[in-house]
Amino acid sequence: MSSKINGANGIQRLVEKYKQDFRISENLEYYAIEDFARAERGYVQFCLKNGGSGLSAVADS
Numbered sequence: 000m001s002s003k004i005n006g007a008n009g010i011q012r013l014v015e016k017y018k019q020d021f022r023i024s025e026n027l028e029y030y031a032i033e034d035f036a037r038a039e040r041g042y043v044q045f046c047l048k049n050g051g052s053g054l055s056a057v058a059d060s
């Protein structure tokens with residue numbers, strides 16, 4: 000049972016990381032308030048399905 004809890008916690012941490020990655024000034028200024036949540040959700044789904052956005056690889060370089 001603890002592995003399920005740890006797995007869910009890991010996914011929640013990834014979702015929060017991807018949300019923080021999306022909340023850059025360029026996106027905050029571009030999207031209307033109504034569209035921001037939808038765009039953020041789409042970005043998070045994309046990252047979860049594809050193993051990330053590639054931003055962390057660029058940041059590490």
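First residue of the sequence shown? That's 0 in numbering that gives the first Met the number 0, and the numbers climb one at a time after it.
Beta carbons: idealized from backbone N, C-alpha and C, even for Gly.
Asked	Found
Same chain, Cβ closer than 8 Å to S52, five either side skipped, listed in chain order	Y17, D20, Y42, F45, C46
Nearest-angstrom Cα separation, counted from N8 out to S25	Sequence check: residue 25 is Glu here, not Ser. About 29 Å.
Every unbroken beta strand (DSSP E) within the region 24-56, with a cutoff of 3 residues, ordered by chain	none
Same chain, Cβ closer than 8 Å to V14, neighbours up to 5 away in sequence not counted	V43, L47
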